[in-house]
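Participant: Start counting the sequence shown at 49; every next residue gets the next number (our numbering).
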Amino acid sequence: MERVEDVAEVAVVVLAGGGSTRWAAQTAREGRGGPDKLAAPLGGVTVLEHLLRGLTGREVVLVGPGGIREDPPGGGPLAGFAAGLGASTAGVLVLLGGDQPFAASAVPRLLAALEEDPALDAVVGVDADGRRQPLLSAHRRERARRVLDGLPAVAGLPLRELFRGRVGEVAVSAREALDVDVPQDLARARALLPGPPAARGGDPEASGPGPT
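1. Less than 8 angstroms between the C-beta atoms of D119 and A131, yes or no?
2. Please report how far the alpha carbon of E209 lies from the alpha carbon of L168, in whole angstroms.
3. By how many angstroms is the C-alpha of F211 removed from the C-alpha of R179?
4. In three-state DSSP terms, what is Q261?
5. Okay, do the stretch 135-155 and the stretch 106-113 touch, 3+ Cβ pairs below 8 angstroms being the bar?
6. What does the Cβ neighbour count give for S185, buried or exposed, with the cut at 16 atoms within 10 Å?
7. Use the C-beta contact count for L96: other C-beta atoms within 10 angstroms, 16 or more gives buried, fewer gives exposed.
8. For a quick check, are the C-beta atoms of V60 and L103 less than 8 angstroms apart?
9. Please report the Cβ distance between A176 and V215, rounded to the nearest whole angstrom; I am assuming they are in contact, meaning their Cβ atoms lie under 8 angstroms.
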């Protein structure tokens, strides 16, 4: 049996097609920041680039502007996952949100849990409050394909549709589960970075692009 952790057998689907609605509304109201939370500066790169740097060496399928698009565009996270699955032949797909800059450190544990129990269809991260984090999850391709094929459509449906089978749970930290939805979340993310406060924001244009 091939190891789940083998890089060739794993693809990471990063959902980056959300509308940043809450972020845009608050930054417009406060007269600061841009309309896209994924482009907000974090440690000299953007929020999205910070996540991608943690995934270096893995196959990454970016769903959103600059990558592939879900069908229809703006069709929601389940449609985004379906697009990612269709763009890769990997046997296991990890699902992360592009606004989770520290999520990459959870990937090895998700994959290990899936490998340890061949009966599992998927594993999902669970935070300290016992809440499942569907954008910190790993899925066996064949099972996920069957679930999606059994739905009349994927646009607008919640990600919980993916967790109807045998699902394991993996503890994730507050840091890994942090998603940048509003400027206050960005401030929390910056506070988790090492170094002096001045180095935790930074201009992403000055440091060049992250990996693709």
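Even for Gly, the Cβ is constructed at its ideal location relative to N, Cα and C.
Small disclaimer: the values here were computed from a predicted structure and weren't measured.
Facilitator: Per the coordinate set shown:
1. yes
2. 15 angstroms
3. 14 angstroms
4. In the structure as shown, the chain begins at 49 and stops at 260. Residue 261 is therefore absent and cannot be evaluated.
5. yes
6. buried
7. buried
8. yes
9. Between V215 and A176 the Cβ distance is about 19 angstroms, and since that is not below 8 angstroms, they are no contact.
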